[in-house]
Amino acid sequence: MGHLISHQITAVHVCLVKRFDNMEDILKWLKRHSNYDIYSFDVFDTLLRRRIDPPEVVKQLVAEHMSELLARSETRISPQEIATQRRRVEEALWKEAQAEGKDADYHLDDVVAGTLRSSKVDHVLSREHMVDYEIGLEKKATQLMPGAPEVLGYLKSTGKRVICISDSYLSVEQMSAILEHHGLRKYIDKLFVSSDIGKRKSTGRLFRHIIEKEGKNIVHIGDNYDSDYIVPGKLGMKALWFHSGSEQLRKKELRELFNSENKMDYVNTIIRSPARYKSGLQRVGYEVLGPALTVFVHNVAEQARKDNIEALFFVARDGYAMKKIYETLQRTIYAESGLLPGKYMCLGRLPVRLASLHELNYAQIMDAYAYIARFPERGVNLKDILGSYGLKPDRFSDIARQYGLDLNEPITNPARDERLPKLVESNELKGIVRRESAQARDLLRDYLAGIGFMGKNKVAVVDANAEGLTQSILDMIFSDDADYPVVSRYYFNLVTINVKGGTGINPDLSQVTGIVSDWRRGSGNERKSSLLLGMLIELFAHPNHGVTVGYRNVDGQILPVFRKTPQESQYPLTSQGLQGILSYAHDYGMYHRLHNYDCEQLLEHMKDNIKRWVLNPPKKDVEALKELFLTSDWPIESNHRLIGQIKGWDIVTTTGLRRKVRDSWWPEATLISAPIPVLSKLSYRMSSFVDRGLQLLSHFT
Numbered sequence: 001m002g003h004l005i006s007h008q009i010t011a012v013h014v015c016l017v018k019r020f021d022n023m024e025d026i027l028k029w030l031k032r033h034s035n036y037d038i039y040s041f042d043v044f045d046t047l048l049r050r051r052i053d054p055p056e057v058v059k060q061l062v063a064e065h066m067s068e069l070l071a072r073s074e075t076r077i078s079p080q081e082i083a084t085q086r087r088r089v090e091e092a093l094w095k096e097a098q099a100e101g102k103d104a105d106y107h108l109d110d111v112v113a114g115t116l117r118s119s120k121v122d123h124v125l126s127r128e129h130m131v132d133y134e135i136g137l138e139k140k141a142t143q144l145m146p147g148a149p150e151v152l153g154y155l156k157s158t159g160k161r162v163i164c165i166s167d168s169y170l171s172v173e174q175m176s177a178i179l180e181h182h183g184l185r186k187y188i189d190k191l192f193v194s195s196d197i198g199k200r201k202s203t204g205r206l207f208r209h210i211i212e213k214e215g216k217n218i219v220h221i222g223d224n225y226d227s228d229y230i231v232p233g234k235l236g237m238k239a240l241w242f243h244s245g246s247e248q249l250r251k252k253e254l255r256e257l258f259n260s261e262n263k264m265d266y267v268n269t270i271i272r273s274p275a276r277y278k279s280g281l282q283r284v285g286y287e288v289l290g291p292a293l294t295v296f297v298h299n300v301a302e303q304a305r306k307d308n309i310e311a312l313f314f315v316a317r318d319g320y321a322m323k324k325i326y327e328t329l330q331r332t333i334y335a336e337s338g339l340l341p342g343k344y345m346c347l348g349r350l351p352v353r354l355a356s357l358h359e360l361n362y363a364q365i366m367d368a369y370a371y372i373a374r375f376p377e378r379g380v381n382l383k384d385i386l387g388s389y390g391l392k393p394d395r396f397s398d399i400a401r402q403y404g405l406d407l408n409e410p411i412t413n414p415a416r417d418e419r420l421p422k423l424v425e426s427n428e429l430k431g432i433v434r435r436e437s438a439q440a441r442d443l444l445r446d447y448l449a450g451i452g453f454m455g456k457n458k459v460a461v462v463d464a465n466a467e468g469l470t471q472s473i474l475d476m477i478f479s480d481d482a483d484y485p486v487v488s489r490y491y492f493n494l495v496t497i498n499v500k501g502g503t504g505i506n507p508d509l510s511q512v513t514g515i516v517s518d519w520r521r522g523s524g525n526e527r528k529s530s531l532l533l534g535m536l537i538e539l540f541a542h543p544n545h546g547v548t549v550g551y552r553n554v555d556g557q558i559l560p561v562f563r564k565t566p567q568e569s570q571y572p573l574t575s576q577g578l579q580g581i582l583s584y585a586h587d588y589g590m591y592h593r594l595h596n597y598d599c600e601q602l603l604e605h606m607k608d609n610i611k612r613w614v615l616n617p618p619k620k621d622v623e624a625l626k627e628l629f630l631t632s633d634w635p636i637e638s639n640h641r642l643i644g645q646i647k648g649w650d651i652v653t654t655t656g657l658r659r660k661v662r663d664s665w666w667p668e669a670t671l672i673s674a675p676i677p678v679l680s681k682l683s684y685r686m687s688s689f690v691d692r693g694l695q696l697l698s699h700f701t
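The sequence shown: position 266 = 266 (the working numbering), numbered continuously.
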């Protein structure tokens, strides 16, 4: 009963104490109270805050790393066993310090040495390596408390003496290294750490030691109510209690995320640094596209290792961002173990189709016609058909006229048009096709050889959205070439828009993996959401050059030939999203050691996040994306609005609403973009319900 009353009294005292919610308030107080000789700060949760919570997660991560290193040396000890040994060592060191009359504290070096010794692996792992690893984790696990540099900078600018006081098993040198990592060490004149002195703040002995060394005219600032506020106050020191409500909420959310099922949400939270986005598109790049692409590329890297791939080739143009991400992972996660070579590969549908052509027969004309006719933008003409095979239509205009055909004339019924078979069978047309195809084939092979694709045993190509058709054609072209490698394919999405694609070829999918989405598996909603995100990746992940339409020889070097599309006009906007994507990849790689989730596990949770975002996008993201359009360069160039622009009148009449939803790539976002999203959704659903009712009624009548 007495303990309960004491606890209640303490709680009342805490409520009555003036507390400082942020560093801005601390700075204001310091500017009004410049009469102190020394300004003292706690370190953790005051000057520095942790990306992870609880702090003991660092110990668990170290145990997992130690277990992994031991496994490589054929020594099997679980992380749980190592963590148990560490706790026992810490308890023993604690009691030993007490027996010597010290406050119960110890050094990290002694903890690590004792853990290795008690686990009987001190001959396998070095204490120095494991200590360095843990300090490295502490550097990554901490970040600046918002406003801390400004507070310390102000004090130093006024010539004040600044010291830091911490109860910690880290040494002064280790603590100093962490503060130096975050750029704070230059502001601090002296560090006092309990492990080095054998005295703690919580007992008051460390403060007494500091008063003896520094004098009593000190103001101390820290987050712990007892050891940073009550204890120094009892010793006659001025103390400020830093207790941030937003920081407490952040820690609570971290603990909830740590224990939640979706580990991708936790990873995204712990790696993110407090920074303002320059634009809504940069935010979408960082928070949506960045996680999707980075986890995809990480899975590609691991899959390539399992498949014994010799080199990865990232297919232009969205392969640009993927290769940049891959290079980031090389520098961070795989800095010690290394990754396979990765190269940017300018490969396009048109030069590959042309290289495969050999001849253009009537069946191929009909295939291409049927495929292009699916696009309602305009009627199909001979120029479209020739262009879809990579042929330059201008070279055929004179021959076409000989058979009464104009390249721009719409072909309404090719099966009954007697001019087409005659044109296709003409020696003139066959000769041009053979020459164009042979030249394209030679240039394509020389390009592949020049980038190191030819001559390997097994390689892989990486792309965003693909049917597998272009690579199947490439395999067919060089099937008899001894230098042509076995080619695996890793796609963000393996899609099945059209199996033959106007070529009469059934693509070989035996070496194909749809990493995020694959039409051979997964639900319809998953494929739909992944495809939409894949389209956004194509929109944002490219450099500012056009699509590859061929190759040319420049002084013996084979270079790709690009053709601009309307999509490049949006690059000033989409490049903002690209910046966000690459910024996320940097943070993902930099802070990867702060969690123990493998990329395959994160992949499943990332897919859940994609589906959630696509089916119910935040309005702020829709607003950022609503002016953009998607460009299809093949088989005919066409632009498609990403998000329809709904007006108030559209909601009332429903006709415009339904048309704009139907014509947009992203129906859910189109509804969200309306002036009153809830009303637009309701109106759309009601009109759809009425339509289905009328259809059902007409069926029965």
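For glycine and all other residues, C-beta sits at the position ideal for the given N, C-alpha and C.
Bear in mind the structure is a predicted one, so any value in this text is a computation, not a measurement.
Tell me which residues share the same chain as residue i and place their Cβ nearer than 8 Å to its Cβ, disregarding the 5 neighbours each side in the sequence.
| i | result |
| --- | --- |
| Pro274 | Gln143, Pro146 |
| Ile515 | Phe296, Asn299, Val300, Gln303, Tyr490, Tyr491, Phe492, Leu603 |
| Lys140 | Arg51, Met590, Tyr591, Arg593, Leu594 |
| Arg205 | Asp103, Lys199 |
Identify the residues that DSSP records as bridge partners of residue i: which are they?
| i | result |
| --- | --- |
| Met345 | Val315 |
| Lys458 | Val486 |
| Ala239 | His220 |
| Asp463 | Tyr491 |
| Gln557 | Val554 |
| Ser632 | Ser638 |
| Phe41 | Cys164, Ile221 |
| Pro149 | Beta-bridge pairing links Pro149 to no other residue. |
| Gly512 | In the sequence on display, residue 512 carries Val and not Gly. Answer by DSSP bridge pairing, in chain order: Arg489. |
| Phe258 | DSSP, once it has assigned bridges, lists no residue as partnering Phe258. |
| Lys190 | Ile163 |
Output needed for residue i: all residues of its chain with C-beta closer than 6 Å, excluding positions within five of it in sequence on either side, in chain order.
| i | result |
| --- | --- |
| Gln579 | Gln282 |
| Ala585 | Thr294, Ile325, Thr328 |
| Thr631 | Thr565, Pro566, Gln567, Asn639 |
| Ala464 | Asp318, Phe492, Gly534, Ile537, Glu538 |
Return the chain-ordered list of same chain residues with a C-beta closer than 7 Å to the C-beta of residue i, the five sequence neighbours on each side being excluded.
| i | result |
| --- | --- |
| Glu425 | none |
| Asp223 | Asp42, Asp45, Thr46, Phe242, His243 |
| Trp519 | Leu494, Val495, Thr496, Arg527 |
Please state whether DSSP places residue i in a helix, a strand or coil.
| i | result |
| --- | --- |
| Gly502 | The predicted model places Gly502 with a pLDDT of 49, which falls under 50 and marks its position as unreliable; any figure quoted below should be read in that light. Three-state DSSP puts Gly502 in coil, outside helix and strand. |
| Gly183 | coil |
| Phe711 | In this structure the chain extends from 1 to 701, so residue 711 is not present and cannot be described. |
| Pro543 | coil |
| Asp518 | strand |
| Gly468 | coil |
| Lys564 | coil |
| Trp94 | helix |
| Ser683 | helix |
| Ala674 | coil |
| Leu281 | helix |
| Leu144 | strand |
| Arg641 | strand |
| Arg276 | coil |
With respect to the alpha helix (DSSP H) encompassing residue i, which residues constitute its N-terminal and C-terminal limits?
| i | result |
| --- | --- |
| Asp25 | 23-32 |
| Gln439 | 427-450 |
| Arg200 | Segment: none, Arg200 is in no alpha helix (DSSP H) and carries neither H nor E. |
| Arg401 | 397-402 |
| Lys263 | 263-271 |
| Leu578 | 571-590 |
| Leu602 | 599-615 |
| Leu386 | 382-388 |
Tell whether a beta-carbon distance below 7 Å holds between residue i and residue j.
| i | j | result |
| --- | --- | --- |
| Val288 | Trp613 | yes |
| Gly285 | Gly577 | yes |
| Arg419 | Tyr403 | yes |
| Ile646 | Lys660 | yes |
| Val62 | Glu134 | yes |
| His220 | Ala239 | yes |
| Ser73 | Val112 | no |
| Asn408 | Asn381 | yes |
| Ser530 | Ser517 | yes |
Just to check, is the beta-carbon of residue i closer than 6 Å to a non-hydrogen atom of the ligand HEM?
| i | result |
| --- | --- |
| Glu247 | This structure does not include the ligand HEM; it has no bound ligands of any sort. |
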